[in-house]
Amino acid sequence: MDLNIRLMEKISYYIFALVALMLLSLQMPFFAVSSTSLATDQSALLALTTHITLDPYLILTRNWTNVSCVCNWIGVTCNSRHHRVVALNISGMGLVGTIPPQLGNLSFLVSPDLRS
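Here you go:
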């Protein structure tokens with residue numbers, strides 16, 4: 001009887017470990033896609049900074065860097081569900097330059113405001 005109980009405990013432990021590993025493996029692709037997507041958004045916005053010829057208030061120069069998360073940059077709004085850039089408001093910053101094609105990689109962007 002004692003042997004059966006120990007055998008059942010071992011089987012339960014292995015089943016629990018197997019289920020935990022399966023759940024973890026299902027989560028890994030989600031995290032990989034999420035961070036890659038945010039990296040794509042950051043890359044697109046950094047490409048924008050290379051096309052800016054005048055940043056009179058140094059907003060992009062000082063704030064849009066690899067040091068902080070793109071979602072914390074001035075003028076950038078991310079949604080909480082997908083953690084992607086959904087709004088870009090750089091109006092009134094006095095920026096001069098061109099819009100690079102990489103901005104098209106902001107696939108969740110629904111509210112671009114690039115006036116002035």
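Residue numbers for the sequence shown follow the numbering used here, so the first one is 1 and each next one is one higher.
Here a beta-carbon is modelled for each residue, glycine too, at the ideal position from N, C-alpha and C.
Note that the structure is predicted; figures quoted are calculated from it, not measured.
May I ask you to report which of helix, strand or coil DSSP gives residue i?
i: Val85; result: strand
i: Thr75; result: According to the sequence as given, residue 75 is Gly; it is not Thr. Correct three-state label for Gly75: coil.
i: Gly97; result: strand
i: Thr40; result: helix
i: Thr65; result: coil
How big is the Cα-Cα spacing for residue i and residue j?
i: Pro29; j: His83; result: Its pLDDT being 44, under 50, Pro29 is placed unreliably by the model, and the measurement read from it follows with that caveat. Answer to the nearest angstrom: the Cα atoms are 15 Å apart.
i: Leu60; j: Glu9; result: 59 Å
i: Leu88; j: Leu46; result: 13 Å
i: Ser35; j: Asp41; result: Any reading at Ser35 must be qualified, since the residue scores a pLDDT of 48, below 50, and its modelled position is unreliable; the value itself is stated next. Cα-Cα distance, rounded: 10 Å.
i: Leu95; j: Phe108; result: 23 Å
i: Cys71; j: Ala39; result: 11 Å
i: Ser80; j: Ile5; result: 47 Å
i: Gly97; j: Cys78; result: 24 Å
For the putative contact between residue i and residue j, defined by C-beta atoms under 8 Å, what is the C-beta separation to the nearest angstrom?
i: Trp64; j: Thr49; result: 6 Å
Would residue i be called buried (16 or more neighbouring beta carbons within 10 Å of its own) or exposed?
i: Ile99; result: exposed
i: Gly75; result: buried
Nearest chain B C-beta to residue i closer than 9 Å, yes or no?
i: Pro56; result: Note that chain B does not occur in the displayed structure, where there is just one protein chain.
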